[in-house]
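Colleague: I have a structure I would like to understand better, so I am pasting it below and will then ask my questions one at a time.
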Amino acid sequence: MPSTQTAFTAQEALLAAMVIMGASGKRMSDAEIAQMVRLVRDLPAFAETTPEDIARVSEQCTTLLDRRDGLEDAFTLMRDALPMRLRETAYLLACEVAAADGDVMQEELQLLSNLRLGLDLELLVAGAIERAARARYQVL
């Protein structure tokens, strides 16, 4: 467990799922950033979230990801902070960010797989969440 980060609140863990997904590619796309802003603005889970909270969690995630085993540590912090029903929410938020730019990259798919394992989600549940996110972003 990283010495600089000992726990996430549930809200921080949800934010971390989005931030880490956005950071999984070479750089976070404008569409991914815009999606995170929309999700934080619109979802009841983020009713008390401030821009400072988002900046703080983003910095914490950057620090975690710079460490050896940082991704696994981040998943552990998220899992420990979230009851199962919110682990599904965290996974959904990550899927929404991944799908936001219409092009899910291999790195993002790998991160989703690792996140599913890290959050201890059932494969069928994760598959349903992924399919729902994909369906939301279909184009004509």
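If you read the sequence shown in the working numbering, its first letter stands for residue 5, the second for the next number, and so on. Where a beta carbon is used, it is the ideal one built from N, C-alpha and C, also for glycine.
Below 8 Å, how does it come out for the segment 110–118 and the segment 51–62: are there three or more Cβ pairs, yes or no?
Modeller: no
Colleague: How should residue 144 be labelled, buried or exposed, when 16 other C-beta atoms within 10 angstroms of its C-beta is the threshold for buried?
Modeller: exposed
Colleague: Does DSSP put residue 112 in a helix, a strand or coil?
Modeller: Helix, per DSSP.
Colleague: What is the rounded straight-line gap between the Cα of residue 66 and the Cα of residue 109?
Modeller: 20 Å
Colleague: Classify residue 131 as buried or exposed, calling it buried when 16 or more other Cβ atoms lie within 10 Å of its own Cβ.
Modeller: exposed
Colleague: Note down the Cα distance separating residue 82 from residue 126, rounded to an integer number of angstroms.
Modeller: 16 Å
Colleague: Please determine, among 28, 46, 134 and 45, the residue with the shortest C-alpha to C-alpha distance to residue 69.
Modeller: 28
Colleague: Threshold first: 4 residues or longer. Then list the alpha helix (DSSP H) segments lying entirely within the segment 23–78, N to C.
Modeller: 34–46 and 55–69
Colleague: How many angstroms separate the CA atom of residue 134 from the CA atom of residue 141?
Modeller: Distance between the alpha carbons of residue 134 and residue 141: 11 Å.
Colleague: Output needed for residue 89: all residues of its chain with C-beta closer than 8 Å, excluding positions within five of it in sequence on either side, in chain order.
Modeller: none
Colleague: Thinking C-beta only, is residue 24 closer than 9 Å to residue 44?
Modeller: no
Colleague: With 16 other CB atoms within 10 Å as the buried threshold, where does residue 60 fall?
Modeller: Burial check for residue 60: the Cβ neighbour count within 10 Å stays below 16, so the residue is exposed.
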